[in-house]
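Mapping of the sequence shown onto my numbering: residues 954 to 1161, in sequence order. By construction, the Cβ of each residue, glycine as well, lies at the ideal position given by its N, Cα and C atoms. To start, the structure itself, in structure tokens.
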Amino acid sequence: MSENNRCQAYYDYVESMRHTLGYLSLSELIDIAKRGNVILDPMSTLISKDVIIGAHNRFYPNVTIESDEGGRISIGNNNVFFSSTHLLAVQGQIEIGNNNIIGDGGIRIKANIDGAHIKIEDDGRYVNNPEIMGTCHFGNGCQILGNITVQNCVLAGGGSFKSKDPDLRGALLKGYGLARNLHLEQGQVINGRGHFSDDLIELQSAYH
């Protein structure tokens, strides 16, 4: 077999597997790029066919965004998805707004139980290997920084991490450990070291 034939056979195999598993083909990924999205390595980027994607997003290599069995994922505009980002919606819903930084250092966002709904609004940062699951709502400017398992939490919105007054920023979880059933207001933070609870809530100005 000639080199050209081997390359074609490999391409055909990849396209066949993508089709079988419900992912966009390489040509369909290129169509997404025509809306101003940047897909730096289409071969390592897996996106399910029914995912809704806006414009001017950036996808680094090894990003997986998959929905199945009634799951739904929608992505707005101007988000950055770093390598080792994995979004999964099975029987649940994931909504991501605009201008978010997602997955620098890895992230897993999973709406994989019936009725799960994860909503991320605008201008947030979700980095350094968090795992987000269940039903969560993160308002504008919220941040999750660190190896934190976040389940059924609400973070109130505010300004982005660039806002001069930290107590006017969106709520923040940082550190490591399990954060479950928490509700933080604008400007609040928990710096967890294995444990997150209401009695650990502080104002973000305590760290600035």
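Supposed contact pair G1077 and C1095 - C-beta distance, whole angstroms, cut 8 angstroms: Along the sequence shown, one-based indexing puts residue 1095 at 142. Along the sequence shown, one-based indexing puts residue 1077 at 124. At roughly 5 angstroms, the Cβ-Cβ gap stays under 8 angstroms, so C1095 and G1077 are in contact.
CB-CB length for F1091 against D1057, believed under 8 angstroms: Against the sequence shown, residue 1091 aligns to sequence position 138. Against the sequence shown, residue 1057 aligns to sequence position 104. The pair is not a contact, with the Cβ atoms about 16 angstroms apart (cut-off 8 angstroms).
N- and C-terminal bounds of the alpha helix (DSSP H) containing S980: The sequence position of residue 980 within the sequence shown is 27, counting from 1. Bounds of the alpha helix (DSSP H) holding S980 are 979-986.
Residues that DSSP places opposite E1019 in a beta bridge: Residue 1019 sits at position 66 when you count from the first residue of the sequence shown. DSSP, once it has assigned bridges, lists L1041 as partnering E1019.
For Y1013, the nearest candidate out of G1140, G1087, G1145, G1059 (CA to CA): If you number the sequence shown from 1, residue 1013 lands on position 60. When each option's Cα is compared against that of Y1013, the closest is G1059.
Through-space distance from E956 to Q1046, alpha-carbon basis: Sequence index remark: in the sequence shown, residue 1046 carries index 93 (1-based). Sequence index remark: in the sequence shown, residue 956 carries index 3 (1-based). Rounded to whole angstroms, the gap between the alpha carbons of Q1046 and E956 is 44 angstroms.
Check whether N1081 and G1068 have beta carbons under 7 angstroms apart: Within the sequence shown, residue 1081 is the residue found at index 128, counting from 1. Within the sequence shown, residue 1068 is the residue found at index 115, counting from 1. In this structure, G1068 does not lie closer than 7 angstroms to N1081 by Cβ.
Alpha carbon of D1021 to alpha carbon of P1119, nearest angstrom: Here the question's residue 1021 lines up with position 68 in the sequence shown. Here the question's residue 1119 lines up with position 166 in the sequence shown. Those two C-alpha atoms are separated by around 39 angstroms.
Residue closest to S1001, alpha-carbon to alpha-carbon, out of G1123, N1093, T1102, S1027: Mapped onto the sequence shown, residue 1001 falls at position 48. The shortest C-alpha separation from S1001 is found at S1027.
Pair within 7 angstroms by beta-carbon distance, L1126 and G1140: Within the sequence shown, residue 1126 is the residue found at index 173, counting from 1. Within the sequence shown, residue 1140 is the residue found at index 187, counting from 1. Result no, Cβ atoms of L1126 and G1140 do not sit closer than 7 angstroms.
Contact set for N1051: own chain, Cβ-Cβ below 8 angstroms, skip 5 residues either direction: Translated into positions along the sequence shown, residue 1051 becomes position 98. For N1051, where only same-chain residues beyond five positions count, the Cβ hits under 8 angstroms are G1007, G1029, N1030, N1031, N1032, D1075, D1076.
Identity of the residues DSSP links to Q1141 by a beta bridge: Within the sequence shown, the letter at position 188 stands for residue 1141. According to DSSP, which records beta bridges pairwise, Q1141 is partnered with L1156.
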